[in-house]
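**Q** Shown below is the structure under consideration.
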Ligand SMILES: Cc1ncc(COP(=O)(O)O)c(C=O)c1O
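Residue numbers (the numbering used here): 14 to 321.
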């Protein structure tokens with residue numbers, strides 16, 4: 014049984030984001046704090062994993078095997094879920110053995126790790142990649158990197174209902190769109206499917222265009238048979254995935270001080286900075302109400318802030 018007990022229902026507060034550049038432009042932002050759903054199974058990860066867990070449960074798998082890097086938020090949430098809900102987890106890691114705060118946590122959560130090297134990891138999309146792992150772990154269910162694809166997106170569809178149920182708490186009767194960071198585009202695709210054109214979804218790309226997010230989102234919505242899709246992908250990568258620069262770090266520090274909301278530099282910090290740039294460029298009319306999804310990832314920030 015891979016599913017959590019029925020009394021474990023993740024919920025996230027919806028909070029006004031008070032920042033001077035929003036006030037000046039007359040834009041209202043409410044932040045969906047997915048970083049607060051759980052101390053360990055944080056952010057969008059739970060939502061991207063839940064339908065994979067259901068599929069694994071259906072075939073009576075004893076656990077999950079998946080892939081990621083040495084700072085992976087996905088493996089971190091998966092390993093924490095395995096420990097919490099009592100199923101086995103195996104992680105296939107990019108590169109050579111190294112100690113990071115994330116890797117130490119994975120081990121503490123009981124995840125069994127295999128380091129694939131860089132070439133071995135690059136082979137993850139090749140046909141036959143999974144065969145030897147499935148032979149070694151026949152009772153584990155394989156989940157692609159990051160928990161992506163249509164099952165990952167399906168789990169994220171519930172975010173719309175979550176926001177709908179909380180709108181009154183921020184004094185809104187409706188909203189005009191979503192803004193969130195994209196790595197694979199799975200979370201965005203889930204929102205696009207849930208909205209079915211009712212509200213636009215703006216995806217701030219944390220990765221450069223050649224990472225194929227547009228194609229990936231296209232594949233998911235096509236596979237889901239969606240008729241009406243309204244979304245836009247905007248570059249927020251600042252020159253590359255995981256590339257940080259002084260302006261970004263200063264923005265994050267100022268924003269954290271002004272709002273009290275913790276951010277990390279790979280996804281949420283870049284997405285919010287891109288929003289600021291669009292707001293200041295006049296992309297949105299005064300009075301626009303946006304839902305900004307805080308997709309978590311705060312555990313990964315330890316890799317950027319080594320203790321002094
Ligand atoms: C913290 C955080 N935010 C956003 C994303 C992007 O989500 P998606 O891959 O669904 O676009 C990820 C991972 O990919 C992430 O770890």
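Idealized CB from N, CA, C, for every residue including glycine.
What you are looking at is a predicted structure, and each value in this text was computed from that prediction instead of being measured.
Determine contact between the region 240-255 and the region 267-277, defined as no fewer than three beta-carbon pairs at a distance below 8 Å.
**A** No contact exists between the region 240-255 and the region 267-277.
**Q** Helix, strand or coil, according to DSSP, for residue 112 in the structure here?
**A** If DSSP states are grouped into helix, strand and coil, residue 112 belongs with coil.
**Q** Could you spell out where the alpha helix (DSSP H) holding residue 267 opens and where it closes?
**A** Start and end: 259-272.
**Q** Distance check for residue 155 and residue 170, CA to CA, integer angstroms please.
**A** Cα to Cα, residue 170 sits roughly 22 Å from residue 155.
**Q** With H, G and I counted as helix, E and B as strand and the rest as coil, what does DSSP make of residue 244?
**A** Looking at residue 244 - three-state DSSP - the assignment turns out to be strand.
**Q** For residue 304, which of helix, strand or coil comes out of DSSP?
**A** Reduced to three states, the DSSP call for residue 304 is strand.
**Q** Return the CA-CA distance between residue 86 and residue 225, expressed in angstroms with no decimal places.
**A** Between residue 86 and residue 225, the C-alpha separation is close to 20 Å.
**Q** Less than 6 Å between C-beta atoms, sequence neighbours within five positions excluded: which residues of the same chain meet that for residue 15?
**A** 66, 69, 70, 100, listed in sequence order.
**Q** Helix or strand or just coil, what does DSSP make of residue 18?
**A** Coil.
**Q** Quick test of the definition: if touching needs 3 or more C-beta pairs under 8 Å, does the region 45-54 touch the region 88-103?
**A** As far as the Cβ criterion goes, the region 45-54 touches the region 88-103, which means the pair count is three or higher.
**Q** Compute the Euclidean distance between the alpha carbons of residue 187 and residue 210, then round it to the nearest angstrom.
**A** The alpha-carbon atoms of residue 187 and residue 210 are separated by roughly 14 Å.
**Q** Should residue 31 be listed as close to ligand 1, given that the test is whether its C-beta is under 7 Å from any heavy atom?
**A** Residue 31: no, Cβ never under 7 Å from ligand 1.
**Q** Kindly indicate the opening and closing residues of the beta strand (DSSP E) around residue 101.
**A** Per DSSP, residue 101 belongs to the beta strand (DSSP E) from 101-106.
**Q** Go through its chain and collect everything with a Cβ distance to residue 293's Cβ below 8 Å, but skip five positions before and after it.
**A** The answer, listed in chain order, is 34, 38.
**Q** Roughly how many angstroms lie between the CA atoms of residue 192 and residue 102, to the nearest whole one?
**A** Taking the straight line joining both Cα atoms gives about 32 Å.
**Q** Using a Cβ-Cβ cutoff of less than 8 Å, which residues in the same chain neighbour residue 227 once the five nearest sequence positions on both sides are dropped?
**A** The answer, listed in chain order, is 198, 246.
**Q** Excluding sequence positions up to five away, which residues of its chain have a Cβ less than 8 Å from the Cβ of residue 31?
**A** Contacts found: 271, 272.
**Q** Do residue 289 and residue 219 have their C-beta atoms within less than 8 Å of each other?
**A** No, the Cβ-Cβ distance between residue 289 and residue 219 is not below 8 Å.
**Q** Is the number of C-beta pairs between the region 233-242 and the region 159-176 that are closer than 8 Å three or more?
**A** Judged by Cβ distances under 8 Å, the region 233-242 makes contact with the region 159-176, as three or more pairs qualify.
**Q** Taking only the alpha-carbon atoms, compute the straight-line gap between residue 23 and residue 159 and give it to the nearest angstrom.
**A** Taking the straight line joining both Cα atoms gives about 19 Å.
**Q** Any heavy atom of ligand 1 closer than 7 Å to the Cβ of residue 61?
**A** Yes.
**Q** Is residue 260 closer than 8 Å to residue 278 when the C-beta atoms are compared?
**A** Cβ atoms of residue 278 and residue 260: not closer than 8 Å.
**Q** Can you tell which of 115, 25, 45 has its C-alpha closest to the C-alpha of residue 316?
**A** For the residues 115, 25, 45, the minimum Cα distance to residue 316 belongs to 115.
**Q** Which two residues bound the contiguous alpha helix (DSSP H) that contains residue 144?
**A** From DSSP, the alpha helix (DSSP H) with residue 144 extends over 144-149.
**Q** In chain order, what residues of the same chain lie with their CB nearer than 6 Å to the CB of residue 82, ignoring the 5 residues before and after it?
**A** The answer, listed in chain order, is 107.
**Q** Just to confirm, are residue 338 and residue 204 a CB contact at a threshold of 8 Å?
**A** No answer is possible for residue 338: the residues shown for the chain start at 14 and end at 321.
**Q** Using a Cβ-based criterion (distance less than 7 Å to any ligand heavy atom), does residue 157 qualify as near ligand 1?
**A** Residue 157 Cβ: outside cutoff for every heavy atom of ligand 1.
**Q** What's the call for residue 111, buried or exposed, on a 16-neighbour Cβ count within 10 Å?
**A** It counts as exposed.
**Q** Can you give me the C-alpha to C-alpha distance between residue 148 and residue 222, rounded to a whole angstrom?
**A** Each residue's Cα considered, the two are about 36 Å apart.
**Q** If I measure Cβ to Cβ from residue 113 and keep anything under 7 Å in the same chain, skipping five residues before and after, which residues do I get?
**A** So the qualifying residues of the chain are 83, 84, 316.
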